[in-house]
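Enquirer: Residue 335 in my numbering sits at position 306 of the sequence shown; the count goes up by one each step and never skips.
Beta carbons: idealized from backbone N, C-alpha and C, even for Gly.
Have a look at this one.
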Amino acid sequence: MGKYSAAHASPAGAGDARPTALQIIQDNDMEGKLAGKVIVVTGVTSGIGAETARALFATGATLFLTARDIKAAEASLSDIVQSDHVFLIQMDLNSFSSVRATADEILKQSKNKVNVLVCNAGIMGIKTRTLTEDGHEVHFQANHLGHFLLFELLKPALLASTAPDFNSRCVMVSSSAHRATTLRDTDDYSFEKGGYNLEEAYANSKLANVYVANEIERRYGSKGLHGISLHPGAIATNISRNLGPEFVAQIMANPYLVQILKNLEQGAATTVYAAISKDWEGKGGKYFEDCEEAKRGEDDGQTFGVGWVKQTYDPEQEARLWKDSLKMVGLQDDE
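So, in structure tokens, the structure goes:
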């Protein structure tokens, strides 16, 4: 039983007794305790990204926050962006050149120091197969490849910044949707062979998030850099905007989904737990949900199912995806 198991045992809808992101900070006695540390969070325009940033601000860490729409992010985070230790940077994950420019800016301003990378930004629900300027399916690049490239570019700083009492972490915000698929073939990540399906595209990209976190732990855990993936929960955010009002109506008509829905503050809690929890100092390589390591679930292929499934941990597929991803972003392996 984890610290928050009881609070999650009988959910009663958004705003119930389940913890908020700020509560996680407080429970870990982290308010003002991370001054001098550097945390990068992607996708802070709205939703759980903005709430993640707001909670992490309470730690006193220097925050580098990325968004496609800087003006929208400034409006969403008006209560913290005037601080001298919060930096907003424009980044489009569907452009490798934009990711590279952002990484350069972060490393320059932080003086090559990064302690935590939170890969939160994401898209879903693109109804027709669409390729980015780099030639990849948009879910796969925005949710996976862009973040993979950002990690690789910040990796030297993450490794150099790790300390015995505060190991570096890379947190990948995935989804329970990863339970509904297996990794696509090397020559079919972008549905090159046809048969595009938006649910499959999203699930594939979210499984890739899990695999990257697992492989980070395998490759760099002994060097003080840990990878953790997570499902934040069912939350009504702008990520569903491409699916239209009908999708939201379907969610709200499902009593089970209404019961498990979290508000934004609760939806950011598992991300923040993965990023700063003392329980996971010096550890990683696990998939989280509801502010703890997920338990073994049923191999039922259910998008909204609970727990990890057989494909959540697969060293062979994780290694294959890593190798393929390096090639797609134009980098060489360091092993």
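Count the CB pairs spanning the region 165 to 181 and the region 132 to 149 that are closer than 8 Å, and state whether there are at least three.
Expert: As far as the Cβ criterion goes, the region 165 to 181 touches the region 132 to 149, which means the pair count is three or higher.
Enquirer: Name the two residues that bound the continuous alpha helix (DSSP H) containing R349.
Expert: Counting along the chain, the alpha helix (DSSP H) containing R349 begins and ends at P344 to V358.
Enquirer: Write down the C-beta distance between S234 and F169 rounded to the nearest angstrom, noting that I regard them as a contact closer than 8 Å.
Expert: So it is a contact: roughly 5 Å between Cβ atoms.
Enquirer: Check whether the region 113 to 120 touches the region 152 to 160, taking contact to mean three or more Cβ pairs, one atom from each stretch, closer than 8 Å.
Expert: No, they do not touch.
Enquirer: Across which residues does DSSP place Y316 in a beta bridge pair?
Expert: S258.
Enquirer: Closest to G61 by C-alpha separation, out of L51, L187 and L293, would be which residue?
Expert: For the residues L51, L187 and L293, the minimum Cα distance to G61 belongs to L51.
Enquirer: If we count the other Cβ atoms within 10 Å of its Cβ and call it buried at 16 or more, is D108 buried or exposed?
Expert: Per the 10 Å Cβ criterion, exposed.
Enquirer: Which residue's Cα is closest to the Cα of G296: I305, L259 and D308?
Expert: Cα-wise, what sits closest to G296 is L259.
Enquirer: Starting from A282 and walking both ways along the beta strand (DSSP E), at which residues does that stretch end?
Expert: A282 -> no beta strand (DSSP E), and no H or E assigned at all.
Enquirer: Just tell me which of K252, V147 and A304 has its CA closest to the CA of P193.
Expert: Among K252, V147 and A304, the Cα nearest to that of P193 belongs to K252.
Enquirer: Helix or strand or just coil, what does DSSP make of I268?
Expert: The predicted model places I268 with a pLDDT of 49, which falls under 50 and marks its position as unreliable, so this point remains unresolved.
Enquirer: Using C-beta distances below 7 Å, list every residue in its chain close to A323, excluding the 5 sequence neighbours before and after it, in chain order.
Expert: Correct list, in chain order: Y316, F317, G336 and W337.
Enquirer: Do you know offhand how far G139's Cα is from D56's?
Expert: A quick correction: the sequence has Ser, not Gly, at residue 139. Using only the alpha carbons, I get a separation of about 28 Å.
Enquirer: Threshold first: 3 residues or longer. Then list the beta strand (DSSP E) segments lying entirely within the region 125 to 194, N to C.
Expert: Segments of the beta strand (DSSP E) lying fully in the region 125 to 194: 145 to 148.
Enquirer: Nearest CA to the CA of N141: which residue from G256, A41, S190 and I99?
Expert: Of the listed residues, the one whose Cα sits closest to N141 is S190.
Enquirer: Would you kindly work out how many angstroms separate the C-alpha atoms of E310 and A303, rounded to a whole number?
Expert: Rounded to the nearest angstrom, the two C-alpha atoms are 10 Å apart.
Enquirer: Taking the alpha helix (DSSP H) that I245 belongs to, which residues open and close that run?
Expert: L227 to Y249 is the extent of the alpha helix (DSSP H) around I245.
Enquirer: Give a yes or no on whether the C-beta atoms belonging to L85 and V73 are separated by under 8 Å.
Expert: Not in contact: L85 and V73 (Cβ atoms no closer than 8 Å).
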